[in-house]
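Taken in order, these protein sequences are the chains called A and B.
If you count the first sequence from 1, position 624 lands on 699 in the working numbering, and the numbers rise without skipping.
If you count the second sequence from 1, position 125 lands on 200 in the working numbering, and the numbers rise without skipping.
Glycine residues also receive a C-beta, built at the ideal position from the N, C-alpha and C atoms.
There are 2 protein chains.
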Amino acid sequence: MTTHASRKGHMTLPVETGQEDVVLDLFQRWQADTLRDSDGTTMPDSLAQQDSDIYSVMCLVRADQEFANLHPEYLHRKYLMSFPVTAMSEDIVIQPLDGYSKDKYELDDDSDPKTWWEVRNRTTNEVVSPELWAFDTAKQQVVVSNATLYHEYAVTFMARQVWDSVSMYNALTNDWKGPRIKSLDPYHPECRAHLIKHFAHWLETHPNTSVVRFTTFAFLFVIDTGEKNQDIYRDWTGYGETVSPRALQDFEERFGYALTPEDFVDAGYYNGTYKVPSKRYQDWMTFVQDFVVDFAGELVEMAHKAGKKTAMFQGDHWIGTEPFLASYQKIGLDINIGAVEDGVALRRLTDSSGDQVREARFYPYFFPDVFREGNDPVIESMSNWTKIRRAMLQKPLDRIGYGGYLSLANKFPHFIDHVTEVSAQFGEYLEHTQRTESQKIPGKIAVLSAWGKTRSWLQNQARDQRFYVPPRPDVMEFVGNNLLECLSGLPFEVEFISFDDIADKGISSDIKVIINTGDANSAWSGGEHWDKPEVLVALRKFVAQGGGLLGVCDPSAYQKNGRYFQLGDVFGLEKETALTMGRVAMPVQVNRDHYLFKQLNGSMDFGNPSYVYPQADDIDVIAAQGQHLALTAREYGQGRAVYLGNLPFSMDNARLLQHVLVWLGQNENGEHAWLSSHPDVDCAYFPETGKAAAVNFSDEPQSLEVLDHLGNLRLIQLKPYEWRWF
Amino acid sequence: MTTHASRKGHMTLPVETGQEDVVLDLFQRWQADTLRDSDGTTMPDSLAQQDSDIYSVMCLVRADQEFANLHPEYLHRKYLMSFPVTAMSEDIVIQPLDGYSKDKYELDDDSDPKTWWEVRNRTTNEVVSPELWAFDTAKQQVVVSNATLYHEYAVTFMARQVWDSVSMYNALTNDWKGPRIKSLDPYHPECRAHLIKHFAHWLETHPNTSVVRFTTFAFLFVIDTGEKNQDIYRDWTGYGETVSPRALQDFEERFGYALTPEDFVDAGYYNGTYKVPSKRYQDWMTFVQDFVVDFAGELVEMAHKAGKKTAMFQGDHWIGTEPFLASYQKIGLDINIGAVEDGVALRRLTDSSGDQVREARFYPYFFPDVFREGNDPVIESMSNWTKIRRAMLQKPLDRIGYGGYLSLANKFPHFIDHVTEVSAQFGEYLEHTQRTESQKIPGKIAVLSAWGKTRSWLQNQARDQRFYVPPRPDVMEFVGNNLLECLSGLPFEVEFISFDDIADKGISSDIKVIINTGDANSAWSGGEHWDKPEVLVALRKFVAQGGGLLGVCDPSAYQKNGRYFQLGDVFGLEKETALTMGRVAMPVQVNRDHYLFKQLNGSMDFGNPSYVYPQADDIDVIAAQGQHLALTAREYGQGRAVYLGNLPFSMDNARLLQHVLVWLGQNENGEHAWLSSHPDVDCAYFPETGKAAAVNFSDEPQSLEVLDHLGNLRLIQLKPYEWRWF
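Right under this line is the structure:
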């Protein structure tokens with residue numbers, strides 16, 4: 076291990092009162108240059124004088140609890156759908172909050188139920204006339220008359236949130252004490268004015284702060300909470316908690332039509348990010364984004380005027396301030412901080428446009444759930460770091476940081492040494508790359524989804540995830556199809572495009588391969604977007620004229636016109652959805668002579684059986700699970716198409732993806748400098764600095780031969796987890 | 076082994092020229108009383124004089140090849156959809172028969188393409204105006220002009236079948252020599268008149284025949300054949316090969332609307348039996364049925380007038396003469412012969428109404444594919460027989476029989492002994508049951524599907540079947556969900572009902588439990604029938620008032636109004652189809668105190684993970700695969716609901732199904748005489764004869780305790796495969 080004492084720091088260190096000595100020690104060993112307070116910790120006065128940047132956390136919507144307690148009309152509100160009630164008689168009673176947390180929600184008595192609520196027959200999806208139901212304020216219940224027997228009814232109501240989701244989580248999970256925190260909705264001009272005033276005062280009273288680290292500008296992610304205070308629905312990037320009568324009225328004025336309660340509760344699906352968004356809901360998102368950008372811009376400007384820089388922590392709360400939105404740059408932030416647990420999260424941070432400094436906040440937090448006796452926090456950290464390093468080789472990262480209680484981390488000397496090494500590796504990375512970008516294989520890769528650029532590098536949760544109970548609910552562990560993680564560390568230029576992009580602008584000529592990956596019905600696969608002939612035409616033409624098309628899981632899935640996979644004609648296959656069971660299964664024959672077959676090493680993981688079968692005669696089957704196709708290739712016009720049943724993340728799968736993309740881009744005969752074909756080792760070449768790197772993902776020594784940029788074959792031998800520069 | 080030489084026979088024996096001695100020997104040993112010829116064999120003159128019934132096979136539509144060769148206009152026709160062609164230019168050429176067997180199909184030049192064919196844009200599903208395409212007779216191709224680039228086009232054309240599917244199968248699979256047989260369509264009055272004349276002559280020239288054994292009255296099952304003469308689509312009960320311009324014209328006159336080519340090719344799905352049938356296609360089936368019943372009735376009457384009895388072999392060709400149709404009884408047949416490989420096939424034979432004699436034709440045929448050196452035909456036969464015996468205990472069977480070449484069977488003395496034993500067991504069964512029915516557990520079980528009674532005991536093929544390549548294509552081996560096979564040997568009264576039955580007549584009061592089993596989209600699950608509020612109301616009411624509901628695989632599956640399982644409110648659960656991934660998975664807790672949990676023995680097979688999760692708080696989870704629900708129970712009003720993820724056939728699963736049905740019928744506290752709770756042993760009690768039976772499914776000795784009809788607990792010990800009477 077080398078020492079880097081002479082170098083400038085690059086890490087943000089959390090501070091803790093009473094741990095000043097530890098902070099000062101780690102400030103050196105971990106090459107820190109910045110101190111931060113965070114939720115649950117405060118900045119000791121002695122450290123605030125240290126020669127370093129000082130990040131101070133600012134969550135303005137939670138900052139003034141006194142004001143929040145005085146003004147329930149400014150609390151965050153949301154639409155909830157009551158759990159449906161079956162009519163066992165003609166008069167039925169619905170307690171809207173049945174099944175929901177009474178600690179978190181109250182019925183919003185500021186908004187008139189007859190104006191803002193809605194009762195629906197959920198069996199017929201008809202709205203029940205307001206004349207046929209009444210809200211009993213005293214009993215807090217809705218009474219519906221003339222119900223149809225054995226039909227289901229539900230009321231969509233506006234709920235007021237009297238306990239903030241994050242405060243609730245920390246109280247219930249991390250046993251934090253203290254009052255139940257409420258969040259204010261700055262959409263109300265009076266509330267906004269008060270918060271602005273509060274922030275101005277805060278700026279005046281925090282002279283040592285050099286960077287204001289905003290965690291939430293206006294709205295939280297969505298967590299719906301059940302009656303046992305358990306989470307029942309989560310959407311880390313959802314817009315469900317942005318509603319107020321005032322905002323709805325303004326929306327109608329601007330867009331010329333009114334949204335209904337149903338637009339928000341969405342038959343109980345709540346517009347989950349994994350769903351194909353409706354045009355109406357996208358309008359609402361635009362409306363919210365414009366407000367948040369305006370409000371956040373005002374705060375940032377105030378901070379700048381006070382001589383401070385600004386950062387936003389994008390770990391979870393980023394509603395309206397998603398950095399891939401064009402409007403994001405209007406806010407004027409200086410630093411983007413992302414919570415980063417894997418390669419996808421890293422790319423979500425590094426790949427947005429704008430000249431912000433990018434800082435990765437690593438897991439695990441120094442919290443008791445991980446830093447407890449008998450647990451080794453290095454295991455999680457190393458698992459994350461090996462994924463993150465791959466992705467760092469593709470796009471520049473500027474800084475790193477941690478959060479939590481240093482006193483806890485300091486009880487694990489092995490972990491302290493581990494972070495010392497992580498930070499040292501990061502320092503070498505900065506030195507060798509000089510924030511330049513590594514060389515890519517020619518031809519841009521586009522990932523096609525209903526969201527496109529706005530949800531770039533957002534994990535495409537698969538159905539399997541729903542049936543996996545992770546050990547810690549706040550940390551994502553992705554199971555099932557996970558192409559993005561495989562892709563995050565591969566040497567390709569990547570962009571995310573939407574179906575609307577294709578319809579509006581066509582397919583850009585620099586795109587060489589298009590990927591469509593995800594479960595049927597999801598925003599990732601595209602759902603009803605595949606019901607557009609112009610999309611099918613654009614993609615068929617793209618491939619016919621030489622493009623590559625990669626479909627994973629349920630590409631182009633939409634039941635219509637005799638096909639489930641609408642581009643089944645290009646892929647040469649079809650999925651069995653119980654509509655084609657009479658088509659005779661011919662025993663699948665693998666083409667062992669195919670370029671892609673030769674890239675298989677026997678360790679690829681194709682996940683669940685695909686229920687996909689060959690439909691074209693000229694399809695090349697590369698791999699199958701029994702008779703279920705796992706990997707196929709086909710020529711179509713001058714282009715190529717590949718289908719992959721599933722692609723969970725593993726290094727074998729990541730390397731397979733690299734070979735697939737090379738083949739689809741018709742690059743398989745080219746010579747690519749510093750391109751690894753070893754499953755466990757990634758390489759990268761930085762032409763601007765002339766440096767190259769090889770990094771070993773595994774805990775075993777590895778060796779590989781790789782062509783360098785001078786055309787020489789190099790034998791490289793790496794120790795377990797080693798990252799070496801050339 | 077006992078001898079039964081003194082008893083009357085009960086078996087139909089195939090004959091073969093040159094094997095007269097073998098026939099006479101087996102006639103005794105196998106307790107035969109009837110001789111039959113069959114496809115590929117003829118009746119030796121010496122045997123035709125034997126003191127026995129003589130079955131003579133009659134396939135009238137294939138009987139006069141000279142006439143068929145002279146009259147191509149009377150050959151069987153069908154609509155085929157050409158494989159879609161992508162428009163790479165504005166003028167495209169479609170060879171309709173591309174991809175189809177040229178040995179089997181010709182373009183039907185008797186029907187004017189512009190009248191009877193259709194060209195469709197398969198990307199938009201629009202019909203292309205006949206002005207924009209032309210048929211080139213010389214080149215046998217369709218030319219489409221003004222095509223939209225990268226849209227797909229297909230022509231639906233009428234094909235003439237110049238090689239009968241059965242003849243083709245026997246030539247290609249069994250290496251039968253001889254000319255390619257053609258089948259005639261008796262719908263044409265001139266053709267019908269000729270066939271009637273032919274049959275009259277046949278009757279005159281077959282004085283020794285006592286039973287005319289019809290194999291096909293008019294139309295075959297559907298087999299579509301690819302250009303390498305391989306099967307590409309099969310529907311053993313499909314109506315695809317019943318079409319002619321004349322019949323279509325008559326249909327229009329009778330029903331007041333015209334069917335289109337699309338009604339038949341169905342976007343390439345061809346109205347597979349597993350699909351929910353359209354009203355239009357059901358009208359067509361009614362039309363065909365009425366014709367076939369009329370024609371078959373005329374033939375049967377002729378046979379009766381000639382002093383002969385009539386049988387129909389329902390193994391495969393039964394289009395229009397399905398015995399569960401009310402119209403079937405109008406034909407006047409005396410004997411129903413069914414090809415029986417398992418319990419479901421046996422029940423398909425035994426459970427129809429009418430006073431026909433029921434004869435089971437067992438597998439394997441004495442054909443070289445099974446009776447070859449190195450193969451043991453007893454294995455297949457015993458596997459079948461153990462399933463069939465279970466089902467025989469539930470409904471009376473009258474006769475058994477075999478088919479094929481006796482000379483082949485005679486090379487396997489072990490098989491000859493095996494059949495001797497099978498026939499002896501069958502003789503005992505006839506003696507002890509006297510064709511009476513065994514006692515059932517109270518409460519009728521109804522299986523609900525889109526077909527209902529008309530497709531009673533038809534195997535509900537599951538998606539998994541599509542990915543299983545059986546060793547012999549003509550023999551069904553069912554994989555995946557197979558509730559019917561489990562049910563076929565259980566002591567319940569069973570009927571099959573349709574959604575239309577429920578809408579028209581409600582749910583009969585003698586029905587205690589309703590089963591809905593099958594893959595989503597299939598006729599078995601019900602597809603769009605679940606989009607009817609009246610169906611949901613009827614079933615919710617049925618359960619609320621005390622009924623039992625069993626859902627297997629995708630019960631009530633139809634995406635609408637916030638649910639995928641439309642009766643998810645009754646079952647208390649939902650399936651993940653990528654629309655609810657934000658709903659938080661709570662770790663599944665099994666209720667070990669539940670009655671059903673106590674019936675599990677650890678050997679149950681729930682097949683694939685269900686992707687189903689709990690939605691109600693008061694659901695009892697009985698079994699799960701990880702977090703995927705496999706077996707759940709719930710009270711709903713006064714009734715009960717059970718969900719089973721999958722139920723492949725095994726004896727453990729069959730016994731589990733018995734326990735589930737007992738619980739759903741609220742019969743779990745009753746005492747049921749001769750009810751087995753041993754997985755491998757079925758029992759039955761025949762109150763009219765006072766006899767009881769126990770039959771061992773397994774190749775191991777088994778013992779069980781069972782309550783007899785006098786209330787005494789009996790210990791029963793059975794040898795491997797033993798069937799004992801009490």
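State the Cα-Cα distance for the pair G564(A) and A767(A), rounded to the nearest angstrom. 15 angstroms
Taking DSSP as the reference, what is the three-state secondary structure of H263(B)? coil
DSSP three-state call for D306(B): helix, strand or coil? strand
Any idea if P159(B) is buried or exposed, counting beta-carbon neighbours within 10 angstroms, 16 or more meaning buried? buried
Between which two residues does the beta strand (DSSP E) holding G593(B) run? 586 to 593
Does the count of Cβ pairs from the segment 709 to 728 of chain A and the segment 557 to 571 of chain B closer than 8 angstroms reach three? no
Contact with chain B by Q389(A), beta-carbon distance below 8 angstroms: no
K405(B) versus S427(B): straight-line alpha-carbon distance, rounded: 14 angstroms
In chain order, each beta strand (DSSP E) run of at least 3 residues that lies wholly inside the segment 726 to 766 of chain B: 756 to 761
Roughly how many angstroms separate the alpha carbons of R195(A) and M156(A), rounded to a whole number? 10 angstroms
Over the uninterrupted beta strand (DSSP E) stretch that includes G626(B), give me the two end residues. 623 to 628
Identify the continuous beta strand (DSSP E) that holds Q779(A) and give its terminal residues. For the record, residue 779(A) in the displayed sequence is Leu; it is not Gln. Where L779(A) is concerned, the enclosing beta strand (DSSP E) stretches over 777 to 782.
Hey, which unbroken runs of the beta strand (DSSP E) at 3 residues or more fall wholly within the segment 443 to 506 of chain B? 474 to 476
Under 9 angstroms (Cβ pairs) to chain B, residues found in the segment 219 to 230 of chain A: T223, L224, Y225, H226, E227, A229
Helix, strand or coil for Q389(A)? Go by DSSP, reduced to three states. coil
For E455(A) and C628(A), what's the separation of their Cα atoms in angstroms? 28 angstroms
Check T77(A) in the structure and name its three-state DSSP category. Note that T77(A) scores 37 on pLDDT, short of 50, meaning its location in the model is unreliable; the coordinates nonetheless yield the value given after this. The answer is coil: DSSP assigns T77(A) none of H, G, I, E or B.
Quick test of the definition: if touching needs 3 or more C-beta pairs under 8 angstroms, does the segment 312 to 324 of chain A touch the segment 387 to 400 of chain A? yes
Are the C-beta atoms of G853(A) and some chain B residue less than 8 angstroms apart? Residue 853(A) cannot be examined here, being either before or after the span of chain A that is shown, 76 to 801.
R329(B) burial status per 10 Å Cβ neighbour count (16 or more: buried): exposed
Could you tell me whether the Cβ of M661(B) comes closer than 8 angstroms to any Cβ of chain A? yes
Classify Y806(A) as helix, strand or coil using the three-state DSSP reduction. With chain A covering 76 to 801 only, the question about residue 806(A) has no answer from this structure.
Straight-line Cα distance separating F487(A) from E91(A): 17 angstroms
Is the CB of S597(B) under 8 angstroms away from at least one CB in chain A? yes
Would you please verify whether the beta carbon of V544(A) is less than 8 angstroms from any beta carbon of chain B? yes
Just the C-alpha distance for T495(A) and Q106(A), rounded to the nearest angstrom, thanks. 8 angstroms
Got a sec? Which residues, its chain only, sit under 7 angstroms from A378(B) by beta carbon, not counting five neighbours each side? L278, V287, T385
Below 8 angstroms, how does it come out for the segment 163 to 171 of chain A and the segment 635 to 647 of chain B: are there three or more Cβ pairs, yes or no? no
Could you list which residues in chain A have their beta carbon closer than 9 angstroms to that of R709(B), in chain order? None at all; the shortest Cβ gap to chain A is about 13 angstroms.
Out of H146(A), L562(A), F102(A), S725(A), which has the shortest C-alpha to C-alpha gap to H263(A)? H146(A)
Check distances from the C-beta atoms of the segment 198 to 222 of chain A to those of chain B and list, in chain order, the residues that come in under 9 angstroms. T198, T199, N200
Per-residue DSSP class, three states only, for K616(B): helix
For V612(B), decide whether its Cβ has a neighbour in chain A, counting only Cβ atoms nearer than 8 angstroms. yes
Per DSSP, which residues does H276(A) bridge with? Please list them. Note: H276(A) sits in no beta bridge, so no partner.
Among the residues of its own chain, which have a CB less than 6 angstroms from the CB of K794(A), if the five just before and after it don't count? P776
Does any C-beta atom of chain A lie closer than 8 angstroms to the C-beta of H79(B)? Confidence at H79(B) is low in this model, with a pLDDT of 40, below 50, so the placement of that residue should be treated as unreliable; the coordinate-derived value is given next. Judged by the 8 angstroms Cβ criterion, H79(B) is not in contact with chain A.
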